[in-house]
Amino acid sequence: MSDQPSQKVHDEVITASRSGDLTRLLTLFGDDAVVMPPNDTTLYGHEEIRWWWEDYFKDFEISSVVETERELTVDGNQAFERTAFSVSIIPKAGGPPIMDDIRSLSVWKQEADGNWKISHRMWNSTKPVGAGTNRYMTRMIQKKRSRSSS
Amino acid sequence: MINEFVRPEDSISEYRQAFFKATQAGDVKTLVSFAADDVVIMSPNDCTVYGIAEFQAWWEEYFQYFRLVAFNVPERSVIIDGDFAIEHSAYMVAVVPASGESRIRDDGRIFAIWKRQPDGAWKIWQMMWNSTSPIGIGTNRYMSRLMQKKARPKR
Numbered sequence: 484m485s486d487q488p489s490q491k492v493h494d495e496v497i498t499a500s501r502s503g504d505l506t507r508l509l510t511l512f513g514d515d516a517v518v519m520p521p522n523d524t525t526l527y528g529h530e531e532i533r534w535w536w537e538d539y540f541k542d543f544e545i546s547s548v549v550e551t552e553r554e555l556t557v558d559g560n561q562a563f564e565r566t567a568f569s570v571s572i573i574p575k576a577g578g579p580p581i582m583d584d585i586r587s588l589s590v591w592k593q594e595a596d597g598n599w600k601i602s603h604r605m606w607n608s609t610k611p612v613g614a615g616t617n618r619y620m621t622r623m624i625q626k627k628r629s630r631s632s633s
Numbered sequence: 003m004i005n006e007f008v009r010p011e012d013s014i015s016e017y018r019q020a021f022f023k024a025t026q027a028g029d030v031k032t033l034v035s036f037a038a039d040d041v042v043i044m045s046p047n048d049c050t051v052y053g054i055a056e057f058q059a060w061w062e063e064y065f066q067y068f069r070l071v072a073f074n075v076p077e078r079s080v081i082i083d084g085d086f087a088i089e090h091s092a093y094m095v096a097v098v099p100a101s102g103e104s105r106i107r108d109d110g111r112i113f114a115i116w117k118r119q120p121d122g123a124w125k126i127w128q129m130m131w132n133s134t135s136p137i138g139i140g141t142n143r144y145m146s147r148l149m150q151k152k153a154r155p156k157r
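Sequence lines, in order, name chains P and A.
Counting from 484, one number per residue, gives the positions in the first sequence under my numbering.
Counting from 3, one number per residue, gives the positions in the second sequence under my numbering.
Structural data, given as C-alpha cells:
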C-alpha cells in the first residue's frame, strides 16, 4: 500500500464528484469523517455525507474541475492536503453554468488495511459573496420554484 | 466576551484562547506570535494568505474595518497526533464595523491544523473557516468591508 494518499486517490474524489458516483465517493471518506461545506451544517459520518451529496446531485452537475494547486504533507499515518481548483457547475433545472474558485483543506488517515481515507474536509470560495458561491442561491431559488409549481 | 469550554487534557486550548483573546483586542503582534512561519490561512471570499508577513498584513487590514466584540465556541474537537493537532470548532461571533454600522452576527466553523514547534509550543500552521449561515447573513461582513472601502474618500 502507498505511504501517502496518491494523486490517483485524490483524482478519484474529483472524478466521482463529477460523475455523481456517490458510492465511489463515499468509499473515499472514513466512517466517522467530518465534512464542513460552506453555508451549510457540519456533516458527521457516512450517512450524513451521503444525504448531503444525494441532495446536491439532485440540483447540480459538476461539469468541469481544474485543479490549480495541491500541497500534500505526510506525517506517518496522517496527511494534510490543501488544494485549489476552478469548478463549473450546471444547475439541473436550467440556467447558465456557475463558475467558482474553491480551496479545500483535508486530513487523510491511513486505515488498518493501508488505504487512505478522508477524515476531515472543509472548503470555501475565494470569490466575492454572490459570485461563485451563488450555487446555494440557485438551489434556494430552485427549491422555491419547485414548491410553488407543486 | 469570549466563552469556550476548556479541557485540561487539551494542550492546544491555552494557545487557542490566547489567540482569540488577541483577536478581540486587535493585537496583531500577539496574533502573529501564534502563527508558524509557513502559515496558510484561507478565509472565505478572500485570497489565500501565505506566510507570516501576509498573515500580519491580513490582520492589520481586518482591524482597520472591524472589531470583534463577542466570540463563543459551542462545539470543539481536537485530535493530537504526533506534532500535529487537528482542531475543528463551531463559533458564534459578533463583529462591529469601524464605520459605525450595526454589528454583524455570524455562525461558522474553524478548521485548524496546529503544528508543534521544536521548543514545544503549538502554532497555527493551516487554517480555514466558513460560515454555516446562508449567504447574505453572516458573510455580509465582506460586503460591509467593500462598502466601507467604497465610502472612503480617494487619496
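Glycine included, each C-beta is placed from N, C-alpha and C at the ideal position.
Being a predicted model, the structure only gives us computed values, none of them experimental.
So, is the C-beta of Phe563(P) closer than 7 Å to a C-beta in chain A?
Yes, Phe563(P) counts as interfacial toward chain A.
For Ser569(P), the three-state DSSP class (helix, strand or coil):
If DSSP states are grouped into helix, strand and coil, Ser569(P) belongs with the strands.
Neighbour flag for Leu511(P) against chain A, beta carbons, 7 Å:
Put simply, the CB of Leu511(P) is far from chain A, with every gap to its CB atoms at 7 Å or more.
Tell me whether the beta-carbon of Trp606(P) lies closer than 7 Å to the beta-carbon of Pro488(P).
Contact: no.
First and last residue of the uninterrupted beta strand (DSSP E) at Leu555(P)
From DSSP, the beta strand (DSSP E) with Leu555(P) extends over 543–558.
List, in chain order, every chain P residue whose beta-carbon is nearer than 9 Å to that of Arg111(A).
Within chain P, the residues near Arg111(A) are Met519, Thr525, Met605.
Is it right to say Ile583(P) is buried, meaning 16 or more other beta carbons lie within 10 angstroms of its own, or is it exposed?
Looking at the sequence itself, residue 583(P) is Asp, so the reference to Ile does not match. Asp583(P) comes out buried.
Return helix, strand or coil for Asp504(P), following the three-state DSSP convention.
For Asp504(P), the secondary structure class from DSSP, reduced to helix, strand or coil, is coil.
Of the choices Gln26(A), Ile14(A), Phe36(A), Gly110(A), whose alpha-carbon is the least far from that of Ile54(A)?
The shortest C-alpha to C-alpha distance from Ile54(A) to any of Gln26(A), Ile14(A), Phe36(A), Gly110(A) is the one to Phe36(A).
Close-in-space but distant-in-sequence residues of the same chain around Leu70(A) (CB under 6 Å, 5 per side omitted)
Only residues of its own chain outside the window of five on either side were considered, and among them Thr25, Gln26, Val97 have a CB closer than 6 Å to the CB of Leu70(A), listed in chain order.
The region 37–54 of chain A: which residues have C-beta closer than 7 Å to a C-beta of chain P, in chain order?
Flagged, chain order: Val42, Met44, Pro46, Asn47, Asp48, Cys49, Thr50.
Spatial distance of Gln66(A) from Ser133(A) (CA atoms):
One C-alpha to the other measures close to 22 Å.
Say whether the region 37–50 of chain A touches the region 71–86 of chain A, bearing in mind that this needs 3 or more beta-carbon pairs closer than 8 Å, one atom from each stretch.
Taking one beta carbon from each stretch, the region 37–50 of chain A and the region 71–86 of chain A have fewer than 3 pairs nearer than 8 Å; the two do not touch.
Which chain P residues are close to Asp83(A), counting only those with a beta carbon under 7 Å from its beta carbon?
Neighbours of Asp83(A) on chain P, chain order: Gln561.
Spatial distance of Arg533(P) from Val518(P) (CA atoms)
Arg533(P) and Val518(P) have their C-alpha atoms roughly 11 Å apart.
Would you report the Cα separation of Glu62(A) and Glu537(P), rounded to the nearest angstrom?
Looking at the two C-alpha atoms, the distance is approximately 42 Å.
Does any residue of chain P have a CB that is nearer than 7 Å to the CB of Met94(A)?
Closer than 7 Å: no.
Candidates Ile88(A), Tyr64(A), Lys117(A): closest to Ala516(P) by CA position
When C-alpha distances from Ala516(P) are compared across Ile88(A), Tyr64(A), Lys117(A), the shortest belongs to Ile88(A).
My understanding is that Ile112(A) touches Trp131(A), with C-beta atoms under 8 Å, so please give their C-beta distance in whole angstroms.
Their Cβ separation, rounded to whole angstroms, is 4 Å, which keeps Ile112(A) and Trp131(A) in contact under 8 Å.
Coil, strand or helix - Ala20(A) by DSSP
Here DSSP, grouped into helix, strand and coil, assigns Ala20(A) to helix.
Going residue by residue through the region 66–110 of chain A, where are the continuous beta strand (DSSP E) segments of at least 3 residues, counting only ones entirely within it?
Runs of the beta strand (DSSP E) inside the region 66–110 of chain A: 68–83, 86–99.
Along the chain, where does the alpha helix (DSSP H) that runs through Leu511(P) open and close?
For Leu511(P), there is no enclosing alpha helix (DSSP H), since its DSSP letter is neither H nor E.
Going along the chain, which residues of the region 122–135 of chain A sit with their C-beta nearer than 9 Å to a C-beta in chain P?
Result list: Trp127, Gln128, Met129, Met130, Trp131, Asn132, Ser133, Thr134, Ser135.
Got a sec? Which residues, its chain only, sit under 6 Å from Val496(P) by beta carbon, not counting five neighbours each side?
Taking Val496(P) as the centre and dropping the five residues before and after it, the same chain places the C-beta of Leu511 closer than 6 Å to its C-beta, in chain order.
Determine, using beta carbons only, whether Pro120(A) and Asn522(P) come nearer to each other than 7 Å.
Not a contact, by the Cβ cut-off of 7 Å.
Closest by CA to Arg565(P), which one among Val548(P), Lys610(P), Glu552(P)?
Ranking Val548(P), Lys610(P), Glu552(P) by Cα distance to Arg565(P) puts Glu552(P) first.
Given Met129(A), which residues of its chain have a CB within under 8 Å of its CB, disregarding the five upstream and five downstream residues?
Taken in chain order, the residues that qualify are Val41, Val42, Ile43, Met44, Ile112, Phe113, Ala114, Ile115.
Continuous alpha helix (DSSP H) stretch holding Ser489(P): start and end:
Per DSSP, Ser489(P) belongs to no alpha helix (DSSP H) and is neither H nor E.
Reduced DSSP category for Asp12(A) - H, G, I as helix; E, B as strand; rest coil
Reduced to three states, the DSSP call for Asp12(A) is coil.
Could you tell me which chain A residues have their CB closer than 7 Å to the CB of Lys627(P), listed as they occur along the chain?
The contacting residues do not exist; Lys627(P) stays about 13 Å from chain A at best.
Give a yes or no on whether 7 Å exceeds the smallest Cβ distance from Thr566(P) to chain A.
Answer no: the Cβ-Cβ gap between Thr566(P) and chain A never drops below 7 Å.
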